[in-house]
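Chains as they are written, first to last, in my numbering: chain A, 1 to 284; chain X, 1001 to 1310.
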Amino acid sequence: MSVVDSKSRWVSVPAVHVILVVAALYSLLPLVWLVTSSTKSLGDFSTTGAFEFGDWNLWANVKALFAQENGIFWQWLLNSVLYAGGGAVLGALICAACGYAIAKTSFPGRKLLFALTLTGVLVPTTVLALPMYLLASELRVVDTFWAVFIPLLTNPFGVYLARVYADASVPDEVLEAARVDGAGQLRTFFTVALPMMRPGVVTVLLFQFIGIWNNFFLPLVLLTDPKLFPVSLGLFQWSTRQNQFPQYTPLVITGSLLAVLPLVVAFLVLNRQWRKGLAAGSVK
Amino acid sequence: MSVLAPERTPVLEERSAEPAVRTRRKDFAGLVLAIPFLVLLVGTVLVPVLYALYLSLFTERLSGLGFSGPEHVFVWLGNYVSVVADKAFHAGLGNVALFALVHIPSMLIGALVLALLLDSAVVRLRRMWSLAVFVPYAVPVVIGGLIWAYLYSPTIGPIKNLLGIDPLSDTAVLPSIANIATWQWVGYNMIIFYTALQAVPKEIVEAARADGAGGLRTAWSIKIPVIRPTIFVAVVFTVIGSLQLFTEPMVLRGFTGTVTSTWTPSMYVYEAAFVAGDNGRAAAASVLLAVICAVLSAVVMRFSTRRSSR
């Protein structure tokens, strides 16, 4: 490749890299700002440059953050981990089972289920929020963990992905061999097919984790008790007060940093997994 | 989401039809595996959608002197009529249309250019660049919105001084919101396009090179046409996402008065349902929004199949 390319470079190498540097700065500078700003006291914002460190108030900010409203920020972090972590693991497993069933078994109604699933991908959350709220009030589960957790398990796109992965990575011969060995369908799925689909299932899991961690509309609608908030809803609520009460600004900024940090780290660590999964679905 | 690989689907269909014959006796085991998702789909998508349709046909009215509480009245398409006639709903649709007009081309063209650059052989440290641009996707939308809201804020952020205009002013707030969304999604779509580009057969690219096509020509006439299905899918998802715009303007509302409570159709639905308490109007507006999404994605997909079968 490189021999061919070096003969026909179409843009100069420096120009290409300038574009990439600009793109990288655009993507990273807001996060750099978040890091520098979380070291500042409220007063430092007017006396220091946006990307300069303040008088190193980070620990004071973190302490204030965890002291606010009796340490509710811990609760928010924990809630987010439970909603997104629990939801992603359980949701990915449900998607894998259904995707596998659609791809590799022939239960009645499987075509209809797949068509419904594809339609489900396109239904906007906006349509679901109000009826979901009213149904939850009927069932008296508004303002409970489950009211948010259960709807976010539903991931039609994950089922679509899992179907693609099952098709691509589970050969029929292997299933046939398992059948001949006397393994039932369910056992075959858990012991034979699921391990083969693992890279794809992990991708579904990561997508769903990000999706749940990102979801804002449903928790906003279904929760009023701050003790049940995921971290983004909690920070949003604090941010609506910063106009009147500027002391919320360092709390929101430091809180945002602490909420983003684990995600970015997990993201960098799992980077290879992301690529492998995306590639398994689209390229192979 | 390039995982849609339309050209291979027929092959897979044929293959998966085969075990169907062999395992017919155990049909219901498949159903058992599918049931958890089926229950979720029915309970959290199908039933709510039908309920929304039902709600959209009714309104609450105070009867007589209002002593007996509100009454549930069937109004046919009355709620739809009042939503369609509502200036606030028009303004919301106008805002998301403008937003889409700014966001979709800038984000997708940016993502495509970056993906093509990464795919060209001249780039060093490919992984580092793609990671850097991909990172904002890991930032929750609310928090991305908050970071940018502070960056835009005239008292705290540097942007007003840098650009000399107030990014939260009446005229600038729409591109400012589009910028938040572009920042968040450009890396994701770049990865999707880059992954699709990896699948472009090397022989075709090399043949084009041998025929004297430069890199730009190869990108335009070979690589982009090959990944066109992926691009159209990305367009559909971005169109739907743009129409549902909610989180970013909601976050900015805490920082500026220029974003009204019904600034987008989704905010209109939220306002009607949870502030005004008018469930019928909220449901009608949400159904209209879903219909617009469906029609637009159908149009884009139609356009895509026509283009590729040409």
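Even glycine gets a Cβ: it sits at the ideal position worked out from N, Cα and C.
Quick caveat: nothing in here was measured; it's all calculated off a predicted structure.
Beta-carbon proximity list for residue i, same chain, < 7 Å, skipping 5 on both sides
i                       : result
residue 1146 of chain X : 1251
residue 254 of chain A  : 38, 61, 62, 65
residue 228 of chain A  : 79, 143, 145
residue 1136 of chain X : 1144, 1183, 1184, 1187
residue 230 of chain A  : 76, 79, 80, 83, 219
residue 189 of chain A  : 97, 100
Length of the line joining the Cα atoms of residue i and residue j
i                       : j                       : result
residue 150 of chain A  : residue 87 of chain A   : 8 Å
residue 1021 of chain X : residue 97 of chain A   : Its pLDDT being 46, under 50, residue 1021 of chain X is placed unreliably in this model, and the coordinates cannot settle the point.
residue 1111 of chain X : residue 124 of chain A  : 24 Å
residue 74 of chain A   : residue 66 of chain A   : 7 Å
residue 78 of chain A   : residue 1222 of chain X : 49 Å
residue 24 of chain A   : residue 264 of chain A  : 15 Å
residue 1170 of chain X : residue 1179 of chain X : 15 Å
residue 1139 of chain X : residue 1173 of chain X : 21 Å
residue 1259 of chain X : residue 1265 of chain X : 13 Å
residue 191 of chain A  : residue 184 of chain A  : 10 Å
residue 15 of chain A   : residue 252 of chain A  : 39 Å
residue 153 of chain A  : residue 212 of chain A  : 9 Å
residue 1292 of chain X : residue 1298 of chain X : 10 Å
residue 157 of chain A  : residue 121 of chain A  : 6 Å
residue 362 of chain A  : residue 1249 of chain X : In the structure displayed, chain A extends from 1 to 284; residue 362 of chain A sits before or after that span and is not available.
residue 1023 of chain X : residue 1296 of chain X : Unreliable placement is indicated for residue 1023 of chain X, whose pLDDT of 47 sits below 50; the coordinate value is still reported in the next sentence. Those two C-alpha atoms are separated by around 41 Å.
residue 44 of chain A   : residue 266 of chain A  : 31 Å
residue 68 of chain A   : residue 249 of chain A  : 13 Å
residue 256 of chain A  : residue 241 of chain A  : 15 Å
Residue i - DSSP class collapsed to helix/strand/coil
i                       : result
residue 140 of chain A  : coil
residue 52 of chain A   : coil
residue 231 of chain A  : helix
residue 1061 of chain X : strand
residue 204 of chain A  : helix
residue 1305 of chain X : helix
residue 124 of chain A  : coil
residue 107 of chain A  : coil
residue 1123 of chain X : coil
residue 1073 of chain X : strand
residue 1156 of chain X : coil
residue 1089 of chain X : helix
residue 1246 of chain X : coil
residue 1263 of chain X : coil
Close Cβ partners of residue i (< 6 Å) along its chain, the five nearest in sequence each way excluded
i                       : result
residue 1141 of chain X : 1247
residue 155 of chain A  : 91, 95, 208
residue 1148 of chain X : 1180
residue 1226 of chain X : 1200
residue 1153 of chain X : 1255
residue 178 of chain A  : 188, 192
Residue i versus the options, residue with shortest Cα-Cα distance
i                       : options                        : result
residue 1094 of chain X : X:1291, X:1243, X:1288, X:1258 : X:1243
residue 1194 of chain X : X:1266, X:1287, X:1210, X:1228 : X:1228
residue 1261 of chain X : X:1092, X:1215, X:1303         : X:1092
residue 225 of chain A  : A:141, A:129, A:109, A:40      : A:141
residue 107 of chain A  : X:1192, X:1038, X:1043         : X:1038
residue 164 of chain A  : A:54, A:217, A:129, A:99       : A:99
residue 116 of chain A  : X:1041, X:1245, X:1031         : X:1041
residue 113 of chain A  : A:159, A:127, A:147, A:176     : A:159
residue 1240 of chain X : X:1055, X:1301, X:1160         : X:1301
residue 47 of chain A   : X:1032, X:1155, X:1035         : X:1155
residue 171 of chain A  : A:268, A:157, A:193, A:240     : A:193
residue 1190 of chain X : X:1209, X:1113, X:1281, X:1044 : X:1113
residue 1157 of chain X : A:178, A:240, A:51             : A:51
residue 72 of chain A   : A:12, A:176, A:238             : A:238
residue 1224 of chain X : X:1245, X:1196, X:1085         : X:1196
Cβ shell of residue i (< 8 Å), same chain only, five flanking positions each side left out
i                       : result
residue 260 of chain A  : 31, 34
residue 1123 of chain X : 1117, 1129
residue 1103 of chain X : 1178, 1181, 1182, 1238, 1242
residue 1025 of chain X : Because residue 1025 of chain X sits at a pLDDT of 46, beneath the cut-off of 50, its placement in the model cannot be relied upon, and the following sentence gives the value as read from the coordinates. Taken in chain order, the list of residues that qualify is empty.
residue 221 of chain A  : 129, 130, 132, 133
Integer Cβ distance of residue i from residue j, believed to fall under 8 Å
i                       : j                       : result
residue 204 of chain A  : residue 84 of chain A   : At roughly 14 Å, the Cβ-Cβ gap does not stay under 8 Å, so residue 204 of chain A and residue 84 of chain A are not in contact.
residue 1268 of chain X : residue 1089 of chain X : 6 Å
residue 1284 of chain X : residue 1080 of chain X : 5 Å
residue 1030 of chain X : residue 110 of chain A  : 7 Å
residue 1287 of chain X : residue 1053 of chain X : 6 Å
residue 206 of chain A  : residue 161 of chain A  : With 8 Å as the limit, residue 206 of chain A and residue 161 of chain A do not qualify as a contact, their Cβ atoms being about 11 Å apart.
residue 235 of chain A  : residue 216 of chain A  : Rounded, the Cβ-Cβ distance is 11 Å, inconsistent with contact.
residue 130 of chain A  : residue 1282 of chain X : 5 Å
residue 166 of chain A  : residue 197 of chain A  : 6 Å
residue 1280 of chain X : residue 1058 of chain X : 5 Å
Closer than 8 Å: residue i CB and nearest the ligand GDP heavy atom
i                       : result
residue 1190 of chain X : Among the components of this structure there are no ligands whatsoever, and the ligand GDP is therefore not found.
Cutoff 9 Å: residue i Cβ touching any chain D Cβ
i                      : result
residue 271 of chain A : In the displayed structure, chain D is absent; the protein chains listed are A and X.
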